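Here is the structure we will look at, set down as structure tokens.
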Amino acid sequence: MATSKEFKNKVTPPNWSNIDGENNQEITVSTEELNKKVEEYEKKDLKQVSIKDTENLPIWKSVLYDEDGNEYIGPKGFKVEYIDNEVRLVGPFLRKSDKGFSYIHRGFLSEYLIKNVPVINSTGKLYFFDNGVYRPANENEDKGIVKELLTPEYAKSQVINDVVQLWKIDSRINKFPHEINKYPFKLNLLNGTFDLQTWEFTKGHSIDNYSTIQIQANYDPNANGENFNKFINSAVPDKELQMLLQEMVGYCLTPLTDSKKMIFIFDGPGDAGKSTFITATLENLLTDNAKSHIPLQDLSDNEYKQAELFGKVVNIFADLPAKGIKDNGYLKAATGNDRISARRPYGQVFEFYNKAKFVFSTNGLPDNYSKDTSDAFYNRLSIIPFKHVPAKKDPHLKEKLYKEKDAILLWILDGLRRLIHENNFKFTESRESSELVQRYREENNAVMKFMNEHCEFNPDAETARINLFTAWQNFCEQNGHIAGSQTKFNKKIESIYGNLVKRSQMNNSRRTKSWKGLKLLDFDEI
Numbered sequence: 001m002a003t004s005k006e007f008k009n010k011v012t013p014p015n016w017s018n019i020d021g022e023n024n025q026e027i028t029v030s031t032e033e034l035n036k037k038v039e040e041y042e043k044k045d046l047k048q049v050s051i052k053d054t055e056n057l058p059i060w061k062s063v064l065y066d067e068d069g070n071e072y073i074g075p076k077g078f079k080v081e082y083i084d085n086e087v088r089l090v091g092p093f094l095r096k097s098d099k100g101f102s103y104i105h106r107g108f109l110s111e112y113l114i115k116n117v118p119v120i121n122s123t124g125k126l127y128f129f130d131n132g133v134y135r136p137a138n139e140n141e142d143k144g145i146v147k148e149l150l151t152p153e154y155a156k157s158q159v160i161n162d163v164v165q166l167w168k169i170d171s172r173i174n175k176f177p178h179e180i181n182k183y184p185f186k187l188n189l190l191n192g193t194f195d196l197q198t199w200e201f202t203k204g205h206s207i208d209n210y211s212t213i214q215i216q217a218n219y220d221p222n223a224n225g226e227n228f229n230k231f232i233n234s235a236v237p238d239k240e241l242q243m244l245l246q247e248m249v250g251y252c253l254t255p256l257t258d259s260k261k262m263i264f265i266f267d268g269p270g271d272a273g274k275s276t277f278i279t280a281t282l283e284n285l286l287t288d289n290a291k292s293h294i295p296l297q298d299l300s301d302n303e304y305k306q307a308e309l310f311g312k313v314v315n316i317f318a319d320l321p322a323k324g325i326k327d328n329g330y331l332k333a334a335t336g337n338d339r340i341s342a343r344r345p346y347g348q349v350f351e352f353y354n355k356a357k358f359v360f361s362t363n364g365l366p367d368n369y370s371k372d373t374s375d376a377f378y379n380r381l382s383i384i385p386f387k388h389v390p391a392k393k394d395p396h397l398k399e400k401l402y403k404e405k406d407a408i409l410l411w412i413l414d415g416l417r418r419l420i421h422e423n424n425f426k427f428t429e430s431r432e433s434s435e436l437v438q439r440y441r442e443e444n445n446a447v448m449k450f451m452n453e454h455c456e457f458n459p460d461a462e463t464a465r466i467n468l469f470t471a472w473q474n475f476c477e478q479n480g481h482i483a484g485s486q487t488k489f490n491k492k493i494e495s496i497y498g499n500l501v502k503r504s505q506m507n508n509s510r511r512t513k514s515w516k517g518l519k520l521l522d523f524d525e526i
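First residue of the sequence shown? That's 1 in the numbering used here, and the numbers climb one at a time after it.
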């Protein structure tokens with residue numbers, strides 16, 4: 001049996017010269033790797049927020065951390081605390097009284113909202129900043145946000161209402177109508193801002209622009225619009241009309257009102273591409289808060305409808321009713337850079353300068369019965385014909401065009417460049433469009449002129465309808481107007497003068513159809 005002395009002699013002494021050498025480095029590396037594994041092990045049970053959870057967060061929310069490094073999604077500036085073994089997100093507006101009771105400080109909470117939740121209040125309506133644009137608040141969205149900031153024991157109706165009221169009346173979020181969309185030459189796009197003056201694109205958005213209008217397309221210089229190009233060449237082959245459409249749509253996407261033209265009517269048979277074009281351009285590229293849908297005939301005497309124009313860049317109404325226009329006075333004011341007034345339901349009257357252009361489509365132009373026969377209305381009007389009905393329809397065309405929004409935007413920008421930088425806001429002259437406007441003006445004014453010059457209203461008078469139409473034909477022949485059919489003429493008489501005359505039959509052997517209440521003057525009586 002070996003003695004301890006013998007065992008000691010058998011022990012190999014360490015190679016001290018190698019302690020700080022290669023072997024020591026290997027030990028150091030192994031230790032670092034081990035420490036890393038220990039840290040990973042310690043973190044493996046921590047609560048982690050996924051990238052997906054952070055993609056669509058409201059601007060006032062972020063990732064919060066507790067003392068151990070656990071991650072939570074919550075309002076900015078909140079602390080993660082553990083109360084009664086539960087995780088609580090505590091806001092900076094939770095205070096304690098002198099007696100030690102916790103309470104919500106309404107003033108501090110409203111101040112928190114003003115500093116952390118981007119919102120503006122204009123004409124009694126809230127707009128929240130969301131993905132680069134201020135969008136109208138949903139119903140009770142303001143109260144919902146306040147409630148979300150409070151733990152259940154503090155979420156009382158009175159507290160919520162008080163805080164919302166303090167929030168909404170603060171001067172820092174209240175904006176005058178003229179402060180909204182105050183940079184008309186800047187197009188707010190999904191991926192940034194396009195400056196129409198410098199013709200430069202900048203990625204990202206500014207919270208201080210107060211833009212409520214965002215075009216639902218990305219700026220992509222390489223976008224391809226094969227289907228759209230094929231469609232527009234088929235629906236409107238005339239190049240002048242195509243250029244006019246390019247400029248018109250671009251103009252309607254902006255708050256700019258530098259051109260006289262503000263009213264655009266697409267006229268033509270069904271299935272000629274009118275609604276497809278409107279959908280592919282204006283409807284697809286603008287969100288609901290940037291457009292309204294009011295018939296031309298309803299704008300004159302409905303202040304609630306008129307209020308819908310505020311903050312909009314275009315009013316679109318497809319398939320315009322054939323009902324005549326009795327008064328175009330409001331439309332002239334809304335398109336003439338005049339200050340107009342409106343009222344929201346249960347709200348106060350407010351004034352604003354209208355930025356919305358008017359785009360309508362029809363299968364037959366509505367008669368203009370307005371007493372105002374000046375040229376002002378017609379000078380602001382463009383009529384664009386859609387005459388070509390395709391022999392075969394593509395049932396998936398609208399879906400295909402929707403996917404080409406980025407390319408359609410490039411097509412539109414080309415028209416805006418021409419309108420702004422080359423033509424100084426004068427639209428491309430189209431002979432066909434100009435002739436349609438002129439014909440529309442003559443047809444609508446001629447009937448009233450004829451009636452004023454050749455007729456007299458008398459409850460006891462009666463005139464045979466055929467005699468009145470014959471006189472109308474003679475009048476048109478002498479003055480270079482188109483008489484049209486007797487049926488259409490009769491409808492115009494009834495629509496304009498229905499409160500003064502009525503269809504009747506003369507009490508004679510032939511029971512001649514007549515107008516009761518109307519006297520046709522002899523030429524020597526004129």
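No residue lacks a Cβ here, since even glycine has one placed at the ideal position from N, Cα and C.
The structure displayed is predicted, hence computed values, not measured ones.
* Using the C-alpha atoms, what's the distance from Ile215 back to Phe358? -> Within the sequence shown, residue 358 is the residue found at index 358, counting from 1. Within the sequence shown, residue 215 is the residue found at index 215, counting from 1. Their Cα atoms are separated by approximately 18 Å.
* **Where Pro136 sits in the DSSP three-state scheme** => The residue labelled residue 136 in the question sits at position 136 within the sequence shown. Residue state, collapsed to three classes: strand.
* Asked: How is Asp195 classed by DSSP in three states: helix, strand or coil?
  -> Against the sequence shown, residue 195 aligns to sequence position 195. Here Asp195 sits in strand by DSSP.
* **Coil, strand or helix - Asp460 by DSSP** => By one-based count along the sequence shown, residue 460 stands at place 460. DSSP, read as helix, strand or coil, puts Asp460 in strand.
* Ser275 to Asn229, Cα distance in whole Å? -> Position 275 of the sequence shown holds residue 275. Position 229 of the sequence shown holds residue 229. A straight line joining the alpha-carbon of Ser275 with that of Asn229 spans about 16 Å.
* Measure the C-alpha to C-alpha separation of Ile114 and Phe277 and round it to an integer number of angstroms. => For the purposes of this step, residue 114 is taken as the residue at position 114 of the sequence shown. For the purposes of this step, residue 277 is taken as the residue at position 277 of the sequence shown. So the alpha carbons of these two residues sit roughly 42 Å apart.
* To do: Please list, in chain order, all residues of the same chain as Val63 whose beta carbon is under 8 Å from its beta carbon, the five residues on each side excluded.
  => Reading the sequence shown from its first residue, position 63 is the one you call residue 63. Result list for Val63: Val49, Thr54, Glu71, Tyr72, Ile73, in chain order.
* To do: Keeping to the same chain, check which residues put their C-beta closer than 6 Å to that of Asp66; ignore five residues upstream and five downstream.
  => Within the sequence shown, numbered from 1, the residue matching residue 66 stands at position 66. Correct list, in chain order: Val80.
* In terms of residues, what are the limits of the alpha helix (DSSP H) holding Trp472? -> Indexing the sequence shown from 1 puts residue 472 at position 472. Counting along the chain, the alpha helix (DSSP H) containing Trp472 begins and ends at 465 to 479.
* Within its chain, find whatever has a CB closer than 7 Å to the CB of Ala155; leave out the 5 residues flanking it on each side and keep chain order. => The residue given as residue 155 occupies position 155 in the sequence shown. So the list reads Lys147, once near-sequence residues are dropped.
* Asked: Taking DSSP as the reference, what is the three-state secondary structure of Leu46?
  -> As a first step, residue 46 must be located in the sequence shown, where it is residue number 46. Leu46 falls in the coil class under three-state DSSP.
* Asked: Just the Cα atoms here: how many angstroms apart are Leu504 and Ile496?
  -> If you number the sequence shown from 1, residue 504 lands on position 504. If you number the sequence shown from 1, residue 496 lands on position 496. The residue you asked about is not Leu; residue 504 is Ser in the sequence shown. Cα to Cα, the separation comes out at about 17 Å.
* If we ignore side chains and look at the alpha-carbon of each, how far apart do Pro385 and Gly204 end up? -> Position 385 of the sequence shown holds residue 385. Position 204 of the sequence shown holds residue 204. Rounded to the nearest whole angstrom, the C-alpha separation of Pro385 and Gly204 is 39 Å.
* Cys465 vs Asn490 beta-carbon contact at 9 Å -> Within the sequence shown, residue 465 is the residue found at index 465, counting from 1. Within the sequence shown, residue 490 is the residue found at index 490, counting from 1. The question names Cys, yet the displayed sequence has Arg at residue 465. The Cβ atoms of Arg465 and Asn490 lie closer than 9 Å to each other.
* Take Val90 as the anchor and find which of Thr151, Asn479, Lys47 has the nearest alpha-carbon. => Working through the sequence shown from its first residue, we reach residue 90 at position 90. That would be Thr151, whose Cα lies nearest to the Cα of Val90.
* Asked: Quick one, are the C-beta atoms of Met243 and Gly124 less than 9 Å apart?
  -> Walking along the sequence shown from the start, residue 243 turns up at place 243. Walking along the sequence shown from the start, residue 124 turns up at place 124. No, Cβ-Cβ distance for Met243 and Gly124 is not below 9 Å.
* Please go through the same chain and pick out, in chain order, the residues whose beta-carbon is closer than 6 Å to the beta-carbon of Asp406, but skip the five residues on each side of it. => Sequence index remark: in the sequence shown, residue 406 carries index 406 (1-based). Excluding residues within five positions, the ones whose Cβ falls inside 6 Å are Ala217, Asn218, Asp220, Ala223.
* Span of the alpha helix (DSSP H), counted from its first residue to its last, around Asn444 -> The residue you call residue 444 lines up with position 444 of the sequence shown. Residue range 431 to 454 is occupied by the alpha helix (DSSP H) that includes Asn444.
* DSSP on Gln25, reduced to helix/strand/coil? -> Here the question's residue 25 lines up with position 25 in the sequence shown. Annotation note: pLDDT 48 at Gln25 (below 50); position unreliable, coordinate value reported separately. In the structure shown, the three-state DSSP call for Gln25 is helix.
* **Burial state of Ala2, where buried means 16 or more other Cβ atoms lie within 10 Å** => As a working mapping, residue 2 is identified with position 2 in the sequence shown. Bear in mind that the predicted position of Ala2 carries a pLDDT of just 44, short of 50, making it too unreliable to give a figure here.
* In terms of residue numbering, what span does the alpha helix (DSSP H) encompassing Lys156 cover? -> Walking along the sequence shown from the start, residue 156 turns up at place 156. Element bounds for Lys156: n/a, residue is neither H nor E.
* Asked: For Phe176, is the classification buried or exposed, using 16 other Cβ atoms within 10 angstroms of its Cβ as the cut-off for buried?
  -> The residue given as residue 176 occupies position 176 in the sequence shown. So Phe176 counts as exposed.
* Asked: Ordered along the chain, which non-local residues of its own chain (more than five positions away) have a Cβ less than 6 Å from that of Thr512?
  -> The sequence position of residue 512 within the sequence shown is 512, counting from 1. Counting only Cβ-Cβ distances below 6 Å, and skipping sequence neighbours, we find Ala464, Met506.
* Reference Lys476, options Glu443, Glu86, Glu226, closest by Cα -> Here residue 476 refers to the residue found at position 476 of the sequence shown. Position check: residue 476 holds Cys in this sequence, whereas Lys was assumed. Nearest of Glu443, Glu86, Glu226 to Cys476, Cα basis: Glu443.
* Asked: Pro385 bridges to which residues according to DSSP?
  -> Walking along the sequence shown from the start, residue 385 turns up at place 385. Pro385 pairs with Asp267.
* Asked: In its own chain, which residues sit with a C-beta less than 7 Å from the C-beta of Ala333, not counting the 5 before and 5 after it?
  -> Along the sequence shown, read from residue 1 onward, the residue named residue 333 stands at position 333. Contacts found: Ile340.
* To do: Work out the CA separation of Ile482 and Gln473 for me, nearest whole Å.
  => Locating residue 473 in the sequence shown gives position 473, counting from the first residue. Locating residue 482 in the sequence shown gives position 482, counting from the first residue. Between Gln473 and Ile482, the C-alpha separation is close to 8 Å.
* Take the Cβ of Gln306 as the centre, count every other Cβ of all protein chains shown within 10 Å, and call the residue buried at 16 or more, exposed below. => Looking up residue 306 in the sequence shown gives position 306. The Cβ neighbour count for Gln306, taken over all protein chains shown within 10 Å, is at least 16; the residue is labelled buried.
* Look up Tyr353 in the DSSP assignment and give the residues it is bridged to. => Taking the first residue of the sequence shown as position 1, residue 353 is located at position 353. Paired residues: Arg339.
* Whose C-alpha, out of Lys291, Ile160, Asn161, Ser122, is nearest the C-alpha of Arg172? -> Translated into the one-based positions of the sequence shown, residue 172 becomes position 172. Closest option to Arg172, Cα to Cα, is Ser122.
* Asked: Smallest Cα separation from Ile213: which of Leu149, Glu283, Gly225, Gln197?
  -> By one-based count along the sequence shown, residue 213 stands at place 213. Measuring from the Cα of Ile213, the nearest candidate turns out to be Glu283.
* Within 9 Å, strictly: CB atoms of Ser300 and Asn337 -> Reading the sequence shown from its first residue, position 300 is the one you call residue 300. Reading the sequence shown from its first residue, position 337 is the one you call residue 337. Not a contact, by the Cβ cut-off of 9 Å.
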